[in-house]
Structures are given as structure tokens and as C-alpha cells.
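The structure appears below as C-alpha cells.
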Amino acid sequence: RGPDNSGIWLDNDAGVAFGHQRLAILDLSSAGHQPMQSHHGQYVIIYNGEIYNTKPLKKQLQEYSFSGHSDTEIILALIEKFGLEETLQQITGMFAFALWDKLDKKLHLVRDRVGEKPLYYGIVNGALVFGSELKAIREYPNFNNQIARSSISMFMEYGYIPAPKSIYEDIYKLKPGTFITISKESLHHLPEPREYWSAIQKAKAGIISPQQLSDAVAINQVHTLLSSVVKNQMVSDVPIGAFLSGGIDSSLITALMQENSNQPIKTFTIGFQEKQYNEAEYAKAIANNLQTDHTELYVSAHDALSVIPKLPVIYDEPFADSSAIPTYLVSKLTRQHVTVCLSGDGGDELFGGYNRYLMGKSIWKKITIFPYPIRIILQKILFSLSSPLACRGLSYAKTPMLSNKIQKLASIIAEQSPAGVYQHLITQWQIPSDIVKTNDLVSTKLLLNQIEEMNFVENMMITDTISYLPDDILVKVDRAGMAVGLENRAPFLDHNLIEMMWSLPLNIKIRNHTTKWILREILSKYVPEPLFNRPKMGFGIPLDAWLRGPLRDWSENLLDKNKIEQQGFLRSEPILKKWHEHLSGRRNWQYQLWPILMFQSWLNNLKYS
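Below, the structure is given as C-alpha cells:
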């Protein structure tokens, strides 16, 4: 997945072909060339990723004489000595790989525990095809797999397509923490992937048998482990830096990197002229405090416009997280200086950082004060009040967005379970069939994992960890980085840290309505509290205003009624109604419109690619 080297390996008799593009990070020599064969010749591997515990692993392999020091060679030696499943328990890192066993004539496809590295696979014209990205699969001769309408529905609901689905029929994402073994005999009926590590099982185990630690001991243990993880992830044969947004997660990773370095760490941030979206000033203050070598870039709507046409190419399938735009821009900036970058991804899911964790619990508590029949009546009243016309008539309507807030309250007030409240908090289109033309009656709901041992907040956290994190957040940073030849590493996603955090009580993460309590305690050892103790901003862009201004022409072209109807996937009427309401300024439909625009842009690109 990089520009440094490429290779092909064929086994004509078995009908197997491997191809690889290399981004060289460890062992820049030809000894790291892939596809790579094992010492005794039984296995061939193509691998994307990084293993962080190669030193201790190598000690178990003293009988091997290595030709270089790439982690690919170590993985092969481990598999040769211990077998695949034992190797997967031993390695720590991010990875996706394909392993061909010449002896057993079996192909193993493997993905890392949390889903940092992608792996797609499926059947195209009777052949098994796989790759890190869909663009590789689409290059297969006579690729003609149909667009999956159920995937369009899920995309409109969540802004991404949850694994194992992809935008195409018969093409799947391998889920995190799993591997699939395929032989010639199983080609016509692919087996189910097998789990070798499960975030849900680790979370349950931690909650059932928690550690009873004092605050001071818990802080010390988490601090020590996280510092060790950061140190291991700083090993590289190429220049390394950090994304620094000014938030708690990236600030702590940067502080730990600086502590483990004898020279200033290179840090990078993106800023906006629009003050309510701009974290660059906070990042600069933290960089000054930690004495990093800091680079910032302020971006405009014009810069965003230049990125938008690239998004369908970078992301391969429709992807509607608008922070993909600044993520690409900061990755591009960073790549001008370094090849590897550490980030704070995973901090929100693991340490309870999202506002919805506080909101979800609070909303459920408040709405259940009223009996269900009363809530149904209140819902009808609120829906009638939520029209822009009604809102303008209310004397206390100080904002044109009031109708939005009333409608949100109306749609959530009649929910009958915490799971329903969570659904409302994570979806863009509550009923995707309103806009997607489909006969598919299969549920598109990403069900909240209602695990008996967990409370509502913990259930939200683990559900985000196995869906939103791998299928949105990690997709966003991985594809943006790979598009410019930048490797992104996320210390918070170390599986030992994840297992430790689930063995600690929730009040270590969220305390007295304060999220990420333990991270704040650790960060305060490096950075004065006033520099980071402020409301969470997120990595957003001023999309609502940009859609009415600099992005308007681009949007109107994609939302052409005839074009939508001709394509046959979406219903133009409800879409154009939302578009005109948004343009008028009476409503803010940015979160509903962006998935539609991203789908239309992806279709457009498909037409011309």
C-alpha cells in the first residue's frame, strides 16, 4: 500500500496469485520485499501493518538466521514454528495479511484485533479475490458485482457501511480479530470467519472479574502501560511525528512521545478560520508547553473543495464522515515531514469520551419519568411544533435551528429502551427506506450490545468499539494516510491496554459527569489543566455553512432530480425537500445531506472510472 516497492508471486498449479505494494517502515532494504516465502518454503505471505513486539518475539526464534529485520520475516518464522493461531495470540500490532500454505493448499486471510488495517474479500466471476482496498478488487478482470441496496440503507443510517458488509454484493470486510481459511473445496460456499480475539469477550471478562485498585494505583498502572506502548510504537527506520489536535487524547500521546525522545517531537495540526471549529490555538499552546517542533496549517473552504473530488477514490466505497476532509489535509501536511505518525484514536471508545455516553444515560433517565402513553401524546405535540412555520410563530424562538431541536426531542421521547435512545444518537436517517429505493426487508440496525453484565454506558462503549471505531474512525485515518504514503499508529488500541481498561470500573473513565477522568489525571502531570480542560470539540468542519456557500454548486449538480431518478437508487422528493429547507437557513440538515452527497459523488466517480 505504498510507493517504495512492488512484487508478484504466482503458483500456477494451485491457481494462486499474490501482489504487493510496499510502504517501507522497518528494514528499508530488499530483505523486506514481499510477497515473502518462509524459511522452509511452506508459506508465502503478503502483509500490511506493523508488529510492535518484534524484539521479545525474536528471542523465541534464535534457531532462525534472518536475512533482514523486517517484521514480515518474524511473522513467517513464528507461523512456521508455532502455527497460525498461536502466532496470532503472540503478536501485538496492526495488521492484515494473506498466507498461502503450499502444503495444505489453504489460504488464510487475517485481520488485526481492533481493525486498524483493512481486508476485503469475496467472489468475483467465480474466483476468490481479496485485497487491502476495494480498488484492488475492482481491478479484477470483468468485475461486475452489483451495488448492494441493503448497504446503501446502512450507509444512509450511519454514514459508513458496517462490517462484514461492503457496498458490493458478495464482497465482504473481514471483521476485526478474525481470520478465514479457504480451500478450493470451500470456494462455492465460503466458511464463516473464526474469532481469535474478541473485544466483547475481553470486556465481559474484565467486568466479571474486575481489578480492585485505589485511584493512585490505577493511574500509575495505566500511565506505565501507556508510556511503554508509546515507546514501542516509536520504533521506526523512518522519521516519526504526531497528530496534535489540542484535545486530551492526542495531547497525552504527544506528551508521552516527548518524554521518550531526546529531541523535539514533530507535531502537526489543522486550523480553521471559523472559530467554533478551530482547535489549532489549543494545539499550539500545548505544543509550546511540551516544546515540540510544531507545524500548523489553516484550511479554507477552497482547500476542502479541492479534497472532495478525491474522497470517492481514497475511500473506495461511500463514506460520510466529513472529518475525512481535515484528516486528509493534516495527513498530507504531515507526510511532507515524516513517514510515521502517532494519533489519539481509540481514546473516546476506551475511556468514555463521547458526549453521547453522558447524553444517552441522561435522556433515558429523563424520558422514563413519563409513562409511555403520555410520551406518545407529547411526541405528536412536539412534531406539530417542529415545523419551521410553527417555530417562527413562537415568541421565544431565538434561533432558526429551534425546529431541529424540537424534532430531535420528538423523535426520541417515545423510545422504549436504552438501545432505541442509542440508535437515535448514532444515526443520520432514522428510516433509510424514506430515501432508499429497496425491497430489502433485512434490518439495517446496528444493535446495541445489550450484555447483561454491562450497564447502558458500557454497552454503548463496547458497541462503538466494534462498529463505529473500526468502520468509521479507523477507515478515515487509514485511507487518508495511505493515500499520501503515511503510516498512522494508535497507542490507545494496544490490546493489553484495552484489556486492562475493561478490568477497571467505569468511574475510573467517567466520574461526576467528567469524561476520560483517568486520562485527565495522567495528562495533568505534563500539561497545566487550563490548557486542556474545556468542552470536547471533535474534528469537525463548518459543513452546514459551506453547503449553503462554497459547496452549493457542487451539491446542486449531484442533487439534480433527473440524475437521482435516472440512477434508480434514491428517492429525489424527500431529499430535495431537505436540501431546500437547509438552503433557506431554517433547518440544519448537514448530517442527513452529507451521506447523500457522498453517495452521489461515489456513483459519479464510478461512472467515469
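The opening residue of the sequence shown carries number 29 in this note's numbering; numbering runs sequentially from there.
The beta-carbon is built from N, C-alpha and C at its ideal position, and this holds for glycine as well.
Give me, in chain order, the residues of the same chain whose beta-carbon lies closer than 6 Å to that of residue i; leave out the 5 immediate sequence neighbours on both sides.
i      : result
Ser179 : Ile189, Lys193 and Ile195
Tyr326 : Gly299
Asn153 : Asn170
Leu406 : Ile441
Tyr168 : Val152 and Val157
Ile73  : Met64, Leu104, Phe125 and Leu127
Glu593 : Ser600
Report the CB separation of residue i from residue j in whole angstroms; it is logged as a contact under 8 Å.
i      : j      : result
Gly269 : Val358 : Between Val358 and Gly269 the Cβ distance is about 11 Å, and since that is not below 8 Å, they are no contact.
Ile678 : Ala246 : The structure shown does not extend to residue 678, since the chain is modelled only from 29 to 637, so the question has no answer here.
Trp128 : Leu137 : Not quite, the Cβ-Cβ distance comes to about 10 Å (not below 8 Å), so this is no contact.
Ala311 : Glu324 : 7 Å
Ile236 : Trp530 : Incorrect: roughly 10 Å between the Cβ atoms, too far for contact.
Leu453 : Arg384 : 4 Å
Lys544 : Gly381 : 5 Å
Ile102 : Leu85  : 6 Å
Leu514 : Thr362 : 6 Å
Val26  : Ile353 : Residue 26 is absent from the structure shown; the chain starts at 29 and stops at 637.
Tyr71  : Leu106 : Tyr71 to Leu106, Cβ: 11 Å. No contact.
Ile479 : Lys635 : At roughly 44 Å, the Cβ-Cβ gap does not stay under 8 Å, so Ile479 and Lys635 are not in contact.
Ala329 : Pro578 : 4 Å
Trp630 : Ser350 : Rounded, the Cβ-Cβ distance is 15 Å, inconsistent with contact.
Please classify residue i: is it buried, with 16 or more other beta-carbons within 10 angstroms of its beta-carbon, or exposed?
i      : result
Met387 : exposed
Thr542 : exposed
Ala155 : exposed
Asp132 : exposed
Ala308 : buried
Ala244 : exposed
His68  : exposed
His322 : buried
Ala348 : buried
Thr252 : exposed
Ser273 : buried
Arg222 : exposed
Glu185 : buried
Ala332 : buried
Ser423 : For Ser423, the pLDDT reaches just 40, beneath the cut-off of 50, and the residue's location in the model is therefore unreliable, although a value from the coordinates is still provided. When all chains shown are included, Ser423 counts as exposed.
In three-state terms, what does DSSP make of residue i?
i      : result
Arg222 : strand
Ser278 : helix
Ile298 : strand
Glu549 : helix
Gln49  : strand
Ile395 : helix
Ser328 : coil
Lys130 : coil
Val44  : strand
Gly509 : helix
Ser439 : helix
Ser160 : coil
Val138 : strand
Ala518 : coil
Phe110 : helix
Arg539 : strand
Trp630 : helix
His608 : helix
Asp581 : helix
Phe125 : strand
Ser531 : coil
Tyr424 : Interpretation of Tyr424 is limited by its pLDDT of 38, a score under 50 that renders its predicted location unreliable; no figure is taken from the coordinates.
Return the chain-ordered list of same chain residues with a C-beta closer than 8 Å to the C-beta of residue i, the five sequence neighbours on each side being excluded.
i      : result
Gln620 : Gln456, Trp457 and Lys606
Pro602 : Asp462 and Ile463
Gly121 : Gly77, Glu78, Ile79, Tyr80, Asn81, Asp99 and Asp140
Leu551 : Ile276, Ser279, Leu280, Ala283 and Phe560
Thr355 : Lys504, Val505, Ala508 and Phe567
Gln319 : Gln286 and Pro292
Leu112 : Leu127, His136, Val138 and Phe207
Thr427 : Residue confidence for Thr427 is low, a pLDDT of 46 falling below 50, so the modelled location carries little weight and cannot support an answer.
Give me, in chain order, the residues of the same chain whose beta-carbon lies closer than 7 Å to that of residue i; leave out the 5 immediate sequence neighbours on both sides.
i      : result
Pro533 : Pro238
Leu625 : Ser583 and Leu586
Val341 : Asn633
Ala378 : The amino acid occupying residue 378 in the given sequence is Leu; Ala does not appear at that position. Phe520, Ile526 and Met529.
Gly421 : For Gly421, the pLDDT reaches just 47, beneath the cut-off of 50, and the residue's location in the model is therefore unreliable, although a value from the coordinates is still provided. Around Gly421: no qualifying Cβ.
Asp344 : Glu161, Leu162 and Lys163
Hey, is residue i close to the ligand SAH, as in C-beta under 7 Å from one of its heavy atoms?
i      : result
Lys294 : Questions concerning the ligand SAH fall outside what the structure shown contains, since it holds no ligand whatsoever.
* **beta strand (DSSP E) runs contained entirely in the segment 231-271, provided each spans 3 or more residues** => 268-271, all fully within the segment 231-271.
* In the segment 168-227, which residue ranges form an unbroken alpha helix (DSSP H) of at least 4 residues, counting only runs that do not cross its ends? -> Listed in chain order, they are 177-186.
* Asked: Counting only runs that start and end within the segment 337-417, where is the alpha helix (DSSP H) found for 4 or more residues in a row?
  -> At a cut-off of 4 residues, the continuous stretches assigned as alpha helix (DSSP H) that sit fully inside the segment 337-417 are 339-343, 352-363, 375-379, 383-395 and 400-413.
* Jot down the residue ranges of each uninterrupted beta strand (DSSP E) in the segment 65-102, minimum 3 residues, whole runs only, in chain order. => Counting whole runs of 3 or more residues, the segment 65-102 contains the beta strand (DSSP E) stretches 71-79.
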